[in-house]
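Number of protein chains: 2
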Amino acid sequence: MDNRPIGIFDSGVGGLSAVRALMRRCPQESIVYLGDEARMPYGTRNRETILRYAREDLAFVLRHDVKAVLVACGTVSATALEDLRRECPVPILGVVDPAAAEAVAATRNGKIAVLGTAATIRSGAFPRAIAKLCPQAEVLGVPCPMFVPLVENGYIKPGDPAATLFAREYLEPVRAFGADVIILGCTHFPVLKATIGALVPQTVLIDTAKSAVAALEAALLKKGLCAGESGESSQFYFVTGGKEGFEGVAERFLGERFDGEVEVVTLS
Amino acid sequence: MDNRPIGIFDSGVGGLSAVRALMRRCPQESIVYLGDEARMPYGTRNRETILRYAREDLAFVLRHDVKAVLVACGTVSATALEDLRRECPVPILGVVDPAAAEAVAATRNGKIAVLGTAATIRSGAFPRAIAKLCPQAEVLGVPCPMFVPLVENGYIKPGDPAATLFAREYLEPVRAFGADVIILGCTHFPVLKATIGALVPQTVLIDTAKSAVAALEAALLKKGLCAGESGESSQFYFVTGGKEGFEGVAERFLGERFDGEVEVVTLS
Numbered sequence: 004m005d006n007r008p009i010g011i012f013d014s015g016v017g018g019l020s021a022v023r024a025l026m027r028r029c030p031q032e033s034i035v036y037l038g039d040e041a042r043m044p045y046g047t048r049n050r051e052t053i054l055r056y057a058r059e060d061l062a063f064v065l066r067h068d069v070k071a072v073l074v075a076c077g078t079v080s081a082t083a084l085e086d087l088r089r090e091c092p093v094p095i096l097g098v099v100d101p102a103a104a105e106a107v108a109a110t111r112n113g114k115i116a117v118l119g120t121a122a123t124i125r126s127g128a129f130p131r132a133i134a135k136l137c138p139q140a141e142v143l144g145v146p147c148p149m150f151v152p153l154v155e156n157g158y159i160k161p162g163d164p165a166a167t168l169f170a171r172e173y174l175e176p177v178r179a180f181g182a183d184v185i186i187l188g189c190t191h192f193p194v195l196k197a198t199i200g201a202l203v204p205q206t207v208l209i210d211t212a213k214s215a216v217a218a219l220e221a222a223l224l225k226k227g228l229c230a231g232e233s234g235e236s237s238q239f240y241f242v243t244g245g246k247e248g249f250e251g252v253a254e255r256f257l258g259e260r261f262d263g264e265v266e267v268v269t270l271s
Numbered sequence: 004m005d006n007r008p009i010g011i012f013d014s015g016v017g018g019l020s021a022v023r024a025l026m027r028r029c030p031q032e033s034i035v036y037l038g039d040e041a042r043m044p045y046g047t048r049n050r051e052t053i054l055r056y057a058r059e060d061l062a063f064v065l066r067h068d069v070k071a072v073l074v075a076c077g078t079v080s081a082t083a084l085e086d087l088r089r090e091c092p093v094p095i096l097g098v099v100d101p102a103a104a105e106a107v108a109a110t111r112n113g114k115i116a117v118l119g120t121a122a123t124i125r126s127g128a129f130p131r132a133i134a135k136l137c138p139q140a141e142v143l144g145v146p147c148p149m150f151v152p153l154v155e156n157g158y159i160k161p162g163d164p165a166a167t168l169f170a171r172e173y174l175e176p177v178r179a180f181g182a183d184v185i186i187l188g189c190t191h192f193p194v195l196k197a198t199i200g201a202l203v204p205q206t207v208l209i210d211t212a213k214s215a216v217a218a219l220e221a222a223l224l225k226k227g228l229c230a231g232e233s234g235e236s237s238q239f240y241f242v243t244g245g246k247e248g249f250e251g252v253a254e255r256f257l258g259e260r261f262d263g264e265v266e267v268v269t270l271s
């Protein structure tokens with residue numbers, strides 16, 4: 004039993020979908036969240052810069068005595084996780100491998116689609132992770148650049164006309180390809196799950212944040228690191244950008260009135 | 004007569020609407036363009052950081068022996084232009100004051116709407132510039148956060164359904180307010196001018212890039228700095244982000260097949 008918090012970091016607010024998933028699945032766990040909005044988006048930086056930012060983010064959450072780290076940033080998970088793993092004294096997970104494993108387990112016809120940011124699709128991280136588990140699976144990556152701005156600007160009601168318009172466009176190649184499983188390969192996208200799901204009711208949608216949290220729970224159980232059931236859990240949010248903008252968007256992700264403690268910090 | 008180039012800089016690609024306007028209005032003028040995509044968006048940074056970035060951008064274009072500088076970045080124009088002006092040895096203009104002057108000249112009922120990014124609207128730069136020229140004018144600022152991603156992802160055909168959906172939403176308060184002049188207060192927005200204009204046919208739309216170029220031409224004429232009519236003009240583009248992404252988006256702004264020379268550079 005270990006009541007230390009879990010560290011979660013992201014380049015911005017997207018990682019809050021992992022916070023939401025963790026609070027629902029393991030309500031006894033405390034959380035230290037870092038959202039590095041001042042330097043987002045990571046996806047447009049080169050690999051060296053991403054690694055440097057990721058190391059600073061990791062060092063920050065480690066200073067808060069965390070027992071495990073969830074890298075809730077697709078870009079960092081896709082490009083820098085192996086380096087971080089070598090340097091991290093506690094268990095560390097990303098959002099790519101757990102979702103890939105769940106997709107491989109769920110597909111019946113071996114056709115998996117990945118919806119992601121342009122950077123994530125270009126990185127090829129999901130096809131690589133899937134190929135390691137199931138070389139014969141076919142993977143179609145679809146860049147969905149409008150989904151992040153839609154979520155960040157509040158077009159999130161199930162069936163929202165604007166979100167539906169773009170979802171229809173992005174799902175067209177997915178239908179033509181015949182995927183029976185779709186990975187929502189960006190931590191912003193679960194916020195649009197109902198809108199997307201309504202257009203492809205026969206398809207399994209995989210939420211990378213939920214998959215990662217399930218894998219994290221399994222890792223904690225295995226190592227005897229779970230928090231006690233009776234303990235009081237806490238959530239601390241550190242942001243490098245503005246506090247107000249963060250709180251507004253946090254409600255969209257957490258699906259309830261946000262009343263977490265938020266502190267603005269500067270990373271070296 | 005002066006055949007040295009004009010320096011134009013922006014935090015990304017938006018300033019290309021100023022390049023387009025300048026190439027059409029003054030085809031004999033050569034251009035050195037800097038798009039600092041690696042550090043965009045500027046709008047989310049604090050004032051000190053914006054000023055530091057702007058100084059580095061300015062120093063870069065000045066090293067290319069320019070005879071005048073157009074700051075095609077709304078954020079820099081709104082927050083750092085006075086500092087830059089004190090430090091710049093050649094004439095320097097932004098995109099706020101010329102558009103404000105044109106709006107004041109065009110309005111009949113004294114009601115001016117400004118469409119901009121959230122950061123530009125929050126800065127209050129347009130209302131301030133308008134108030135200096137015409138204290139009794141009423142100004143309504145409308146943040147339009149979806150327009151930039153729409154333009155950058157190609158939803159730019161006149162009457163595009165997605166762009167129309169958002170334009171309708173953003174123009175609703177403008178109609179209720181009764182503005183007879185709308186400033187397209189972001190250098191991305193002129194790309195959507197036809198889509199926006201179709202929804203408000205009785206309203207004058209002011210393109211900040213065109214206004215700024217007209218003011219620039221006036222300044223060059225006044226100081227005898229115009230290029231010779233017979234000279235060969237050239238355009239050089241420097242970008243701090245990726246070359247390919249830039250070229251793709253450049254076509255959307257310049258409205259033709261882009262064949263400019265692009266070089267990737269690093270700013271300290």
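Line by line, the protein sequences give chains A and B. The opening residue of the first sequence carries number 4 in my numbering; numbering runs sequentially from there. The opening residue of the second sequence carries number 4 in my numbering; numbering runs sequentially from there. Ideal placement from N, C-alpha and C gives every residue a C-beta, glycine not left out. Because the structure is a prediction, the values reported are computed rather than measured.
Answer with yes or no whether the minimum CB distance from residue 46 (chain B) to chain A is below 8 Å.
no
By how many angstroms is the C-alpha of residue 211 (chain A) removed from the C-alpha of residue 185 (chain A)?
Roughly 11 Å separates the two Cα atoms.
With H, G and I counted as helix, E and B as strand and the rest as coil, what does DSSP make of residue 246 (chain B)?
helix
With a CB to CB cut of under 7 Å and the five nearest residues on each side skipped, what residues in its chain are close to residue 171 (chain B)?
202
Answer yes or no: does any C-beta atom of chain A fall closer than 8 Å to that of residue 109 (chain B)?
No, no contact with chain A.
Nearest CA to the CA of residue 43 (chain B): which residue from B:16, B:133, B:27?
B:16
Apart from the five residues just before and just after residue 246 (chain A), which ones in its own chain have a Cβ nearer than 6 Å to its Cβ?
265, 267
Is it the case that the stretch 172 to 192 of chain B contacts the stretch 112 to 131 of chain B, given that we only count it when at least three CB pairs across the two stretches are under 8 Å?
yes
Which of the three DSSP states is assigned to residue 158 (chain A) in this structure?
coil
Determine the extent of the alpha helix (DSSP H) in which residue 169 (chain B) is found, giving its start and end residues.
164 to 180
In whole angstroms, what separates the C-alpha of residue 107 (chain B) from that of residue 131 (chain B)?
12 Å
Quick check: the stretch 151 to 163 of chain B against the stretch 21 to 38 of chain B, are at least 3 beta-carbon pairs closer than 8 Å?
no
Counting along the chain, where does the alpha helix (DSSP H) carrying residue 25 (chain A) start and finish?
19 to 28
When you compare only the Cα positions, how much space is there between residue 258 (chain A) and residue 40 (chain A)?
20 Å
Do you know how far the Cα of residue 32 (chain A) is from the Cα of residue 140 (chain B)?
The alpha-carbon atoms of residue 140 (chain B) and residue 32 (chain A) are separated by roughly 56 Å.
Considering Cα atoms alone, identify which of B:229, B:79, B:69 is closest to residue 4 (chain B).
B:229
Please confirm whether residue 244 (chain B) has its beta-carbon closer than 8 Å to some beta-carbon of chain A.
yes
Taking only runs that begin and end inside the stretch 47 to 87 of chain B, name each unbroken beta strand (DSSP E) of 3 or more residues, in chain order.
71 to 74
Thinking C-beta only, is residue 226 (chain A) closer than 8 Å to residue 94 (chain A)?
yes
Please report the straight-line C-alpha distance between residue 75 (chain B) and residue 99 (chain B), rounded to a whole angstrom.
9 Å
So the candidates are B:173, B:251, B:156; which of them puts its Cα closest to the Cα of residue 143 (chain B)?
B:173
Got a sec: is the Cβ-Cβ distance from residue 164 (chain A) to anything in chain B below 8 Å?
With 8 Å as the cut-off, residue 164 (chain A) counts as an interface residue toward chain B.
Residues in its own chain within less than 7 Å of residue 37 (chain B) by CB, not counting five upstream and five downstream?
Cβ-Cβ distances below 7 Å link residue 37 (chain B) to 12, 60, 63, 64, 241 in the same chain, with the five nearest sequence neighbours on each side left out; the list follows chain order.
State buried or exposed for residue 198 (chain B), treating a residue as buried only when at least 16 other CB atoms are found within 10 Å of its CB.
buried
For residue 54 (chain A), collect the residues of the same chain with a Cβ closer than 7 Å to its Cβ; drop the 5 residues on either side in sequence, then sort them by chain order.
These residues qualify, in order along the chain: 83, 86.
Starting from the beta carbon of residue 59 (chain B), find every residue of chain A whose beta carbon is closer than 9 Å, and list them in chain order.
Within 9 Å Cβ-Cβ: nothing; residue 59 (chain B) doesn't reach chain A, min ~17 Å.
So, helix, strand or coil for residue 230 (chain B), using DSSP?
coil
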